[in-house]
Amino acid sequence: MGVWKEIQEKLTTGQNKLKKLQKIGETRWWSREKALLWMFDGNDCLYPIVINALDFVATSKTFDPKSISEANSLKEKLCQFNIIVTAHLFLPIFKSIGPTSTYLQSKNLDILNAFLMVDKCIADISNLKFENVLKSSKDFVLKMNNSLHKIALNKEIFIENEFS
């Protein structure tokens, strides 16, 4: 189905590479990090593309009722503020743990450096403040609502900006 490609081409410009959703491996933490980063991090995240693709499937008459229902349910869940906050809570955690995890799996491991990296991860996670997570979540919602309203097929798509 060309829905993903079509919507992504509408939203991206220039030399941006056609992105795909990252499959999450059951035992691979790096896959969770990569999926979270691609979906929720940065100006070129996949969030608006995913929401638009799900909305297209949910409102289309060409899909079967089960697909329509699942797309609608996923879209509604992804637009909930608690999902956005949870994602933005895990973003700094994964950004801190990711490089350390990769280093700990390397062949040329220096024990002192590994210890310092783990210590830094613990400090980074200990210093996380909910106010900062909440602010980054609200900033993300504002940016995504603006983005979605510029390009959305359905002008009624709205991402929650507070807990319900």
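Basically the working numbering = 1-based index in the sequence shown + 8. Where a beta carbon is used, it is the ideal one built from N, C-alpha and C, also for glycine. The structure displayed is predicted, hence computed values, not measured ones.
Worksheet item: If you draw a straight line from the alpha carbon of Phe148 to that of Asp52, how long is it in whole angstroms?
Response: Distance between the alpha carbons of Phe148 and Asp52: 12 Å.
Practice prompt. Please report how far the alpha carbon of Ser144 lies from the alpha carbon of Phe171, in whole angstroms.
Written response: 14 Å
Fill in: Segment contact flag, the segment 89-105 with the segment 124-141, C-beta cutoff 8 Å, min 3 pairs
Taking 8 Å as the limit for Cβ pairs, the verdict is that the segment 124-141 does touch the segment 89-105.
Item to complete: For my contact list, Ser104 and Cys87 are in at a C-beta cut-off of 8 Å; report their separation, rounded to the angstrom.
Response: Contact annotation, Ser104 with Cys87: C-beta distance approximately 28 Å; criterion of less than 8 Å not satisfied.
Fill in: C-alpha distance - Ala61 paired with Ser81, whole-angstrom precision
Straight-line Cα distance between these residues: approximately 13 Å.
Fill in: Whole-angstrom distance between Asp118 and Glu84, CA atom to CA atom
46 Å
Discussion item. Does the structure place the segment 105-113 close enough to the segment 68-75 that three or more beta carbon pairs sit under 8 Å?
Written reply: No: fewer than three Cβ pairs fall under 8 Å.
Worksheet item: Below 7 Å between beta carbons: does that hold for Asp168 and Phe89?
Response: Note that residue 168 is Glu in the sequence shown here, rather than Asp. Contact flag set, yes.
Item to complete: Could you pull out every residue in the same chain whose Cβ sits closer than 7 Å to the Cβ of Thr67, ignoring the five residues on either side in sequence?
Response: Asn162
Item to complete: Within the same chain, show all residues whose beta-carbon is closer than 6 Å to that of Gly106, passing over the 5 residues directly before and after it, in chain order.
Response: Glu41
Practice prompt. Could you check the C-alpha separation between Asn153 and Leu136 for me, to the nearest Å?
Written response: 26 Å
Worksheet item: What residues in its chain sit with their C-beta under 7 Å from that of Gly22, if we drop five residues either side in the sequence?
Response: With a pLDDT of only 48 at Gly22, under 50, the local geometry of the prediction cannot be trusted, and the value read off the model is given with reservation. Cβ within range, chain order: n/a, list empty.
Worksheet item: Terminal residues of the continuous alpha helix (DSSP H) containing Lys69?
Response: Looking at the DSSP string, Lys69 is not in any alpha helix (DSSP H), and its letter there is neither H nor E.
Fill in: Sub-7 Å separation of Ala43 and Val65 beta-carbons
no
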